[in-house]
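Position 255, counted from 1, in the sequence shown is what our numbering calls 300; the numbers after and before it change by one each time, with no gaps. All residues carry an ideal CB built from backbone N, CA and C; glycine is no exception. Model, not experiment: these values are computed from the prediction.
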Amino acid sequence: MQISQVIAIFLVAAQQIQLIDAFSPMPHRTQSTSVSRHSSALTMSGKDNHRARVEKNLEDMMDRDWRVFRARLVAQEAHEAQQDSDQSQKNNRPNNRDEKQAKQEKLGNIFAAIFNHNKESGASSIFNGDTVGGATSESMITDTCEDPFVSRDEIPVLLEPKVQVDKHRWAHSLSHIEPGCVLVANEKLGGVFHQTVVLVIEHNDVTGSTGIVINRPLSGSLNKVASETDSNVDLSLKLAFNSSPVTYGGPVMQGEYSILHGYGEVEGATKIAPGIFVGGSEELMTEVRKHNMRPDQALFVKGHAAWVPNQLSREVAKGVWYPASVSSDLILRYAGAPVNEGDNSEDLWADILTCMGGQFEATAENYSKKGDRRIMP
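Written out as structure tokens, the structure reads:
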């Protein structure tokens, strides 16, 4: 056997192992021969599950979702670009002004604001060298500040961002693929992926990529759907999550189910992004039985999508998918996330494109017709 063949076999095996870990398969439960030992296991499980839930809630309270921070930066950049464009038109200057000159002017204005603030009244001069290169936190206080008694502790209030991001509803395009992002299907893409939204679970140039479709809810709950065909869902899960929704996840391994939720990183679960988890069905079943979690707060995913190494990157380069970072509530639309009045609750594909704005919003207006609920294979 040639070395290249051995390497190929190893890579395929590694991809399968990683896939199993990512989707946390749901093993059949076995009855314990000892009631006391079974009770003790449930107690320890409950403690771990409670901690996972508390950690997730604390993360939400402390606003530690780095994706939201990035979304604010993207929104701020777009706002500033629009301001520059409006100012350019106002001054009858060409829009294709030299970018290097614009950056130099912006940098110069920043330094000017810092140096001007540090001027002493009267004879103080920048050329005496006292304030050159000595920026402090007070340097961020602009000359336009009307409060003469402002302190360094109040600076964050002065630096309040000009653009606010709705934590429930935000989305922006990405120039790359990353776990936790979504792939919004191009409006021209047909087949089973027509107008789908795929949550990327794994992306690796060596082992390939995996994802799950999150906007193709099937008719019927878990008990009905999983009972009609062969599946890896045992009876105990069907009964506990009887009313849980099910979505078509992709054309690969249709008999395998994974679980998407925002409960927390319980045992067996994988954190895909802040507030987004896949797997951990056994522990979640315990929480449902304790009434700590509602069955409709979990979305069961039938099958998944998979790409060989570099395949997904090529598809994105050809415009098949629009990579995007979106809010947790959009990702968990069919996993119990709140739906507000301004949301398009029937068409997640169009809703995300609308949030992205610009040409994407126009695409949603021109092509959204069928909605999420369709007849799937």
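- Here DSSP, grouped into helix, strand and coil, assigns I259 to coil.
- Beta-bridge annotation (DSSP): K316 is paired with F322.
- For P319, the closest of N277, I246, S289, K269 by C-alpha to C-alpha distance is I246.
- Taking the CA atoms as reference points, T399 sits about 6 Å from A409.
- In this structure, the beta-carbon distance from R334 to A285 falls below 8 Å.
- With contacts defined by Cβ atoms closer than 8 Å, Y379 and L344 form a contacting pair.
- Between the stretch 290-302 and the stretch 352-371, the count of C-beta pairs closer than 8 Å stays below three; the two stretches do not touch.
- In the three-state DSSP reduction, K347 falls in the strand class (E or B).
- Beta-bridge partners of H248 (DSSP): S254.
- Rounded to whole angstroms, the gap between the alpha carbons of L219 and L228 is 10 Å.
- With 16 or more other CB atoms across the displayed protein chains lying within 10 angstroms of its CB, A97 is buried.
- D396 and G387 have their C-alpha atoms some 10 Å from each other.
- D392 places its beta carbon less than 8 Å from that of D417.
- When V371, G403, Q356, L103 are compared, the shortest CA-CA separation from A116 is found for V371.
- V270 places its beta carbon 8 Å or farther from that of L305.
- By the Cβ criterion, the stretch 400-407 is in contact with the stretch 208-222, since at least three pairs of Cβ atoms, one from each stretch, lie closer than 8 Å.
- Put simply, the backbone Cα of N231 is about 12 Å away from that of S413.
- By the neighbour-count definition (other C-beta atoms within 10 Å, threshold 16), N389 is a buried residue.
- Between Y302 and M338, the C-beta spacing is not below 8 Å.
- For S390, there is no enclosing alpha helix (DSSP H), since its DSSP letter is neither H nor E.
- When secondary structure is reduced to three states using DSSP, M330 falls in the helix class.
- For Q128, the uninterrupted alpha helix (DSSP H) segment begins and ends at 111-135.
- Taking C-beta atoms under 8 Å as the contact rule, I257 and H349 qualify, at a distance of about 5 Å.
- D341 and N249 have their C-alpha atoms roughly 32 Å apart.
- For E301, the enclosing beta strand (DSSP E) covers residues 297-306.
- L244 is positioned such that its CB atom lies no closer than 8 Å to that of I420.
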